[in-house]
Amino acid sequence: KAGVTQTPRYLIKTRGQQVTLSCSPISGHRSVSWYQQTPGQGLQFLFEYFSETQRNKGNFPGRFSGRQFSNSRSEMNVSTLELGDSALYLCASSPGRGGRTDTQYFGPGTRLTVL
Amino acid sequence: QQQVKQSPQSLIVQKGGIPIINCAYENTAFDYFPWYQQFPGKGPALLIAIRPDVSEKKEGRFTISFNKSAKQFSLHIMDSQPGDSATYFCAASKNYGGATNKLIFGTGTLLAVQP
Chain U
2 KAGVTQTPRY LIKTRGQQVT LSCSPISGHR SVSWYQQTPG QGLQFLFEYF SETQRNKGNF
62 PGRFSGRQFS NSRSEMNVST LELGDSALYL CASSPGRGGR TDTQYFGPGT RLTVL
Chain C
2 QQQVKQSPQS LIVQKGGIPI INCAYENTAF DYFPWYQQFP GKGPALLIAI RPDVSEKKEG
62 RFTISFNKSA KQFSLHIMDS QPGDSATYFC AASKNYGGAT NKLIFGTGTL LAVQP
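Listed in order, the protein sequences are those of chains U and C. Residue 2 is where the first sequence starts when you use our numbering, and the numbers rise one by one after that. Residue 2 is where the second sequence starts when you use our numbering, and the numbers rise one by one after that.
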């Protein structure tokens, strides 16, 4: 099976702009989670989507949003970009079985630089 | 209570040595403890994971030891090789009833294996 794919791999934006990142999960996986990775804060959970519904959300401002489509592909959007939003944004997919926490498989990430 | 504390921050070992990375948690509701390996420019890759009903798990050269009473778990890498040089993250997750996949990550350990 193909792994998790994320596009684009690199992005440069300026403050105040907005950005949309895309994630295609492993075929058959129904859960997609997003994480932000920075040198200062490490890996932080943004949100998780399952069957087109947000199932859990981390402690990020409302400028960060996401959605999931019927084919399980997901997008995240960051509006009114700030310098501190520069980070590696990682998408993780998992089967989405009920009962216990799933194994999550990460994509290569999108490196966002805000100037 | 949501934190996972990881140590050491960095580690240097000789080829063939056994690096040990430790993690501690507070929240007894955590029920899934994975370890991820990350190379520069790549997303984290799952190495091995354990659940609290076992005290040890081995997969190849990687072993997780789990001490439920002490709320600690550790990663041992047997016969370490220069190719194991990477950043290692421990993580923890708890089931929110609907099988959500929110991972709480440790701060990471940069491992260098010298030839």
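Every residue, glycine too, gets a C-beta built ideally from N, C-alpha and C.
Legend: CB atoms of the region 81-96 of chain C lying less than 9 Å from CB atoms of chain U belong to residues F90, A92, S94, K95 and N96. Counted as a single uninterrupted DSSP element, the stretch harbouring V55 of chain C is not any beta strand (DSSP E), since DSSP gives it neither H nor E.
Put simply, the backbone Cα of G17 of chain U is about 18 Å away from that of Y90 of chain U.
Taking every protein chain shown into account, the CB of Y11 of chain U has fewer than 16 other CB atoms within 10 angstroms, so this residue is exposed. Flagged as an interface residue toward chain C: L44 of chain U, by a C-beta distance shorter than 9 Å. Contact of L76 of chain C with chain U is not assigned, every C-beta pair being separated by 9 Å or more. When only Cα atoms are considered, Q7 of chain C and Y89 of chain C end up about 10 Å apart. By the Cβ neighbour-count rule, R56 of chain U is buried, with 16 or more other Cβ atoms within 10 Å of its own. Our two residues, T108 of chain C and A88 of chain U, have alpha carbons roughly 15 Å apart in a direct line. For G41 of chain U, the closest C-alpha among the options U:G85, U:S52 and U:P9 is that of U:G85.
With its beta carbon at least 9 Å from every one in chain C, F61 of chain U lies outside the interface. Residues of the region 27-51 of chain U that bring their beta carbon within less than 7 Å of a beta carbon in chain C comprise S32, S34, G43, L44, F46 and E49, in sequence order.
Interface residue (Cβ-Cβ distance to chain C less than 9 Å): Q105 of chain U is classified as such.
In the DSSP annotation of this structure, the continuous segment of the beta strand (DSSP E) that includes N57 of chain U starts and ends at T54 to K58. Under DSSP, R112 of chain U takes part in a beta bridge, and its partners are U:Y11 and U:L89.
Here S95 of chain U is buried, its C-beta having at least 16 other C-beta atoms within 10 Å. Between the alpha carbons of V5 of chain C and S94 of chain C lies a gap of roughly 10 Å. The beta-carbon of N102 of chain C is placed less than 9 Å from the nearest beta-carbon of chain U.
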